[in-house]
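Going by my numbering, the sequence shown opens with residue 131, and the numbers climb by one from there.
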Amino acid sequence: MHATLPLLQATDFPALTRHRLTTLQVNLGYRCNQTCVHCHVNAGPNRTEMMDDDTLALIGAVIKAREIEALDLTGGAPELHPAFRQVVADARAQGVRVIDRCNLTILFEPGHEDLADFLASQQVEVVASLPCYSAKNVDQQRGNGVFDKSIAALRQLNARGYGQPGSGLALNLVFNPQGPSLPPDQAKLQADYKRELFDHFGIVFNELYALANMPIQRFGSMLISKGQFNAYMDLLKANFDRANLAGVMCRNLISVDWEGYLYDCDFNQQLGLATAGKGRPHLRDLALANPEGRPIRIANHCYGCTAGQGSSCGGALHEQAQ
Numbered sequence: 131m132h133a134t135l136p137l138l139q140a141t142d143f144p145a146l147t148r149h150r151l152t153t154l155q156v157n158l159g160y161r162c163n164q165t166c167v168h169c170h171v172n173a174g175p176n177r178t179e180m181m182d183d184d185t186l187a188l189i190g191a192v193i194k195a196r197e198i199e200a201l202d203l204t205g206g207a208p209e210l211h212p213a214f215r216q217v218v219a220d221a222r223a224q225g226v227r228v229i230d231r232c233n234l235t236i237l238f239e240p241g242h243e244d245l246a247d248f249l250a251s252q253q254v255e256v257v258a259s260l261p262c263y264s265a266k267n268v269d270q271q272r273g274n275g276v277f278d279k280s281i282a283a284l285r286q287l288n289a290r291g292y293g294q295p296g297s298g299l300a301l302n303l304v305f306n307p308q309g310p311s312l313p314p315d316q317a318k319l320q321a322d323y324k325r326e327l328f329d330h331f332g333i334v335f336n337e338l339y340a341l342a343n344m345p346i347q348r349f350g351s352m353l354i355s356k357g358q359f360n361a362y363m364d365l366l367k368a369n370f371d372r373a374n375l376a377g378v379m380c381r382n383l384i385s386v387d388w389e390g391y392l393y394d395c396d397f398n399q400q401l402g403l404a405t406a407g408k409g410r411p412h413l414r415d416l417a418l419a420n421p422e423g424r425p426i427r428i429a430n431h432c433y434g435c436t437a438g439q440g441s442s443c444g445g446a447l448h449e450q451a452q
């Protein structure tokens with residue numbers, strides 16, 4: 131796989147500093163039951179990295195010390211970590227909002243048959259990957275049969291109240307373009323998703339997040355192989371919108387890797403760009419010191435979050451920045 135960091139380090143992206151930390155995004159491990167072309171984590175079934183018990187124990191301490199409002203669990207497939215349910219239950223007991231970044235097909239993996247029931251019982255917010263409402267496009271990006279399983283999983287979640295008005299169970303979907311292009315208008319695409327998924331499958335959901343693909347890891351390597359890397363970077367830079375700087379996720383979020391080390395965002399994690407601080411900052415350091423006001427590590431991939439309507443873990447940034 132081609133290295134992308136050497137192509138991204140020289141940058142003229144504007145300097146950023148941290149605001150109050152509200153979200154702790156924890157990557158529990160890189161193992162996944164899918165292998166997706168656009169995956170910036172390079173996750174897959176053969177990855178073995180998993181967070182250990184000592185590091186897991188620090189999560190609750192950081193939530194308390196920093197008065198964290200949201201715990202955002204990622205992977206790989208975070209549900210494949212043996213301690214996933216305990217981490218969720220402990221955070222919910224502390225009154226923290228918990229987000230599960232779910233690939234949907236995990237609901238059909240052995241040992242996860244009751245996962246939808248567990249998530250609903252803990253009132254976990256589900257952010258589910260569904261890159262298109264077309265079977266052909268989804269299977270092309272995620273593998274044969276993934277679309278049908280995803281639809282079946284969404285029906286399971288709907289049956290337990292997810293996405294239903296007044297249930298309090300949030301079900302949000304995620305769209306990524308298939309190639310080196312910017313996402314379409316999020317509001318219009320959301321309307322298309324809601325119409326198509328309801329008319330054809332009876333599925334409802336709350337919001338659609340339209341995310342740009344980052345020129346790193348598996349997707350970035352593919353761009354290099356096809357000779358499209360520079361053109362994609364030019365596209366991101368040409369569509370830079372300064373208004374998006376107010377809402378980028380790195381202002382209020384810290385990303386934690388499976389070993390407990392800290393990064394300003396999930397993308398920096400995959401590039402090995404640690405947060406500012408002495409040595410290599412870790413969860414144990416975050417329990418002792420407030421990162422507010424510190425500089426954010428930037429590189430050229432940051433244009434991916436600020437191009438066009440903007441892109442973050444919560445979707446387009448235009449409305450968030452206003």
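C-beta: ideal position from N, C-alpha, C; glycine also.
Quiz prompt | N-terminal and C-terminal residue of the alpha helix (DSSP H) that residue 157 is part of | solution = If you number the sequence shown from 1, residue 157 lands on position 27. Run containing residue 157: none in the alpha helix (DSSP H); it sits in the beta strand (DSSP E), 153 to 157.
Quiz prompt | Extent of the continuous beta strand (DSSP E) run through residue 256 | solution = Position 126 of the sequence shown holds residue 256. Start and end: 255 to 259.
Practice problem: Starting from residue 232, trace the beta strand (DSSP E) both ways and give me its first and last residue. | Solution: Sequence index remark: in the sequence shown, residue 232 carries index 102 (1-based). Per DSSP, residue 232 belongs to the beta strand (DSSP E) from 227 to 232.
Quiz item: Which term fits residue 431, buried or exposed, when burial requires 16 or more other beta carbons within 10 angstroms of its beta carbon?
Solution: Within the sequence shown, residue 431 is the residue found at index 301, counting from 1. Classification of residue 431: buried, given that the 10 Å Cβ count is 16 or more.
Quiz item: Anyone know if the C-beta pair for residue 313 and residue 441 falls short of 8 Å?
Solution: The residue labelled residue 313 in the question sits at position 183 within the sequence shown. The residue labelled residue 441 in the question sits at position 311 within the sequence shown. Yes, they are a contact pair.
Self-check item: Contacts around residue 139, its chain only, beta-carbon distance under 7 Å, and the 5 residues preceding and following it disregarded
Solution: The residue you call residue 139 lines up with position 9 of the sequence shown. Excluding sequence neighbours, residue 139 sits near 429.
Self-check item: Buried or exposed (CB count within 10 angstroms, at least 16 for buried), residue 258
Solution: Within the sequence shown, numbered from 1, the residue matching residue 258 stands at position 128. Residue 258 is buried by the Cβ-count criterion.
Quiz item: Any contact of the region 237 to 245 with the region 191 to 203, i.e. 3+ C-beta pairs under 8 Å?
Solution: no
Self-check item: Span of the beta strand (DSSP E) around residue 302
Solution: On the sequence shown, position 172 is the one that residue 302 refers to. Residue 302 -> beta strand (DSSP E) spans 301 to 305.
Self-check item: Beta-carbon separation (whole angstroms), residue 338 vs residue 303, contact threshold 8 Å
Solution: Translated into positions along the sequence shown, residue 338 becomes position 208. Translated into positions along the sequence shown, residue 303 becomes position 173. About 5 Å; that satisfies the 8 Å criterion.
Quiz prompt | Anticipated Cβ contact below 8 Å, residue 147 with residue 426, distance rounded | solution = What you label residue 147 is simply residue 17 of the sequence shown in a count that begins at 1. What you label residue 426 is simply residue 296 of the sequence shown in a count that begins at 1. Residue 147 to residue 426, Cβ: 6 Å. Contact.
Quiz item: Rounded to a whole number of angstroms, what is the C-alpha to C-alpha distance between residue 203 and residue 215?
Solution: Taking the first residue of the sequence shown as position 1, residue 203 is located at position 73. Taking the first residue of the sequence shown as position 1, residue 215 is located at position 85. Rounded to the nearest angstrom, the two C-alpha atoms are 11 Å apart.
Exercise. Report yes if the CB atom of residue 340 is closer than 8 Å to the CB atom of residue 445, and no otherwise.
Key: Reading the sequence shown from its first residue, position 210 is the one you call residue 340. Reading the sequence shown from its first residue, position 315 is the one you call residue 445. Cβ atoms of residue 340 and residue 445: closer than 8 Å.
Practice problem: Can you check the region 388 to 443 for any alpha helix (DSSP H) of at least 4 residues that lies completely inside it and give the ranges in chain order? | Solution: 396 to 401, 413 to 416, 433 to 436
Quiz prompt | For residue 315, three-class secondary structure by DSSP | solution = Along the sequence shown, one-based indexing puts residue 315 at 185. Residue 315 falls in the coil class under three-state DSSP.
Quiz item: In this structure, does DSSP put residue 141 in helix, strand or coil?
Solution: Numbered from 1 along the sequence shown, position 11 holds the residue referred to as residue 141. Three-state DSSP puts residue 141 in coil, outside helix and strand.
Exercise. Flag residue 345 as yes when its Cβ comes closer than 7 Å to any non-hydrogen atom of the ligand COA, and as no otherwise.
Key: This structure lacks the ligand COA, and indeed carries no ligand of any kind.
Exercise. Excluding the 5 residues preceding and the 5 following residue 288 in the sequence, name in chain order all residues of the same chain whose CB lies nearer than 7 Å to its CB.
Key: Within the sequence shown, the letter at position 158 stands for residue 288. Around residue 288: 294, 333, 334.
Exercise. Determine the contact status of residue 371 and residue 438, defining contact as a CB-CB distance below 8 Å.
Key: The residue labelled residue 371 in the question sits at position 241 within the sequence shown. The residue labelled residue 438 in the question sits at position 308 within the sequence shown. For residue 371 and residue 438, yes; Cβs fall inside 8 Å.
Self-check item: beta strand (DSSP E) runs contained entirely in the region 321 to 352, provided each spans 3 or more residues
Solution: 337 to 340
Practice problem: Reducing DSSP to helix, strand and coil, say where residue 361 ends up. | Solution: Against the sequence shown, residue 361 aligns to sequence position 231. Three-state result, residue 361: helix.
Practice problem: For the alpha helix (DSSP H) containing residue 193, list its first residue and its last residue. | Solution: The count along the sequence shown starts at 1 and reaches residue 193 at position 63. Looking at the DSSP string, the run of the alpha helix (DSSP H) that includes residue 193 is 183 to 195.
Exercise. Evaluate contact between the region 384 to 394 and the region 406 to 417, counting only Cβ atoms and requiring at least three cross-stretch pairs below 8 Å.
Key: yes
Quiz item: What residues match up with residue 180 in a beta bridge as DSSP calls it?
Solution: Translated into the one-based positions of the sequence shown, residue 180 becomes position 50. 159.
Practice problem: Would you decide whether residue 280 is buried or exposed? Buried here means 16 or more other CB atoms lie within 10 Å of its CB. | Solution: Start at 1 with the first residue of the sequence shown, and residue 280 comes out as number 150. Classification for residue 280: buried.
Self-check item: Straight-line gap, residue 291 to residue 297 (C-alpha atoms, nearest Å)
Solution: Against the sequence shown, residue 291 aligns to sequence position 161. Against the sequence shown, residue 297 aligns to sequence position 167. Cα to Cα, the separation comes out at about 6 Å.
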